[in-house]
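Visitor:
In UniProt numbering, the protein residues as written are 1 to 295.
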């Protein structure tokens, strides 16, 4: 099946491309000032930050990436291209390519896991870290039986080709089902929004790229040691997230020197879309009050 024609989504932002770590990445940007870099999760693309970009751009330069394997960014098909080290290099290269020494890094879901990895790899490049609906990697290594049941889809995603067939079946109907299952505030994610996620997943090579995060990235997490992070860190978590239990946040303070956690009511997994006003409020407060000095 040919990939659908791509239409740039209009808004107050500007569409651009950057080459980092040998990969051509698409991003949208708005505003000027300190760099706020936004990393989306599965099965999304930069568009998941549509509510945050204009608000954060009032005081910052906001850059929302399509991660490798997604939407308009390059989509290498070999699984090894999605190990955590490669994903970290992508982000560090973006910071360099944009001409910044440090940034505020914000990640959701898999973007959150990449953000954790970047913060540990190059803490000196971080002003602040904000992670939405993604546990600390050390907590993820400690999954109990109940959480493994919630995360059983990750085991399915390890298989070759079958997950791609299932996600594409019925006009990418499974993409819509993911949002219906994992979002509590269903009114916040419109049919138009889901259609855009389906179009992004339908880009040639995107399904394998997206799934390779699970095929390569999970192994990367379990093969690492995680010490105490010395980067000011904010966690935002939906109380009703059906994919990742709230207990995964408990004990995170043992791994992060300066940590703040905010729990959001009537909110599932897609935090920044389900409760955008509250997420914007928390992010703005965090960036303004905890931002590390640039000297």
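Backbone N, C-alpha and C define an ideal beta-carbon position, used for all residues, glycine too.
So is residue 301 buried or exposed if we call it buried at 16+ other beta carbons inside 10 Å?
Guide: Look at the range of the chain in this structure, 1 to 295, and you will see that residue 301 is not part of it.
Visitor: Could you name the residues that DSSP lists as bridge partners for residue 131?
Guide: According to DSSP, which records beta bridges pairwise, residue 131 is partnered with 107, 235.
Visitor: So, with DSSP's three-state summary, where would you put residue 79?
Guide: helix
Visitor: When you compare the segment 23-38 with the segment 195-209, are there three or more beta-carbon pairs, one atom per stretch, that lie closer than 8 Å?
Guide: no
Visitor: When you compare only the Cα positions, how much space is there between residue 125 and residue 97?
Guide: 13 Å
Visitor: With distances taken Cα to Cα, identify the nearest neighbour of residue 156 among 215, 99, 137, 66.
Guide: Measuring from the Cα of residue 156, the nearest candidate turns out to be 215.
Visitor: In three-state DSSP terms, what is residue 218?
Guide: Three-state result, residue 218: helix.
Visitor: Are three or more beta carbon pairs between the segment 213-229 and the segment 115-129 nearer than 8 Å?
Guide: Short answer: they touch.
Visitor: Using a 10 Å radius around the Cβ and a threshold of 16 neighbouring Cβ atoms, would you call residue 152 buried or exposed?
Guide: exposed
Visitor: Just checking my contact of residue 114 with residue 39 at CB under 8 Å: how many whole Å lie between their CB atoms?
Guide: 6 Å
Visitor: Give me the Cα-Cα distance between residue 192 and residue 133, rounded to the nearest whole angstrom.
Guide: 23 Å
Visitor: For the candidate residues 262, 255, 270, whose alpha-carbon lies nearest to that of residue 244?
Guide: Nearest option by C-alpha distance: 270.
Visitor: Consult DSSP for residue 243 and reduce its assignment to one of helix, strand or coil.
Guide: coil
Visitor: When the Cα atoms are used, what is the spatial distance from residue 206 to residue 260?
Guide: 34 Å
Visitor: Out of 118, 272, 264, which has the shortest C-alpha to C-alpha gap to residue 91?
Guide: 118
Visitor: Out of 237, 254, 54, which has the shortest C-alpha to C-alpha gap to residue 108?
Guide: 237
Visitor: Using CA coordinates, which residue listed in 217, 250, 138, 15 is at the minimum distance from residue 64?
Guide: 15
Visitor: Assess, as a yes-or-no matter, whether the segment 6-26 is touched by the segment 59-73 under the definition of 3 or more beta carbon pairs within less than 8 Å.
Guide: yes
Visitor: Compare the Cα-Cα distances from residue 100 to each of 34, 289, 123 and report the closest residue.
Guide: 34
Visitor: Going residue by residue through the segment 154-198, where are the continuous alpha helix (DSSP H) segments of at least 4 residues, counting only ones entirely within it?
Guide: 162-182
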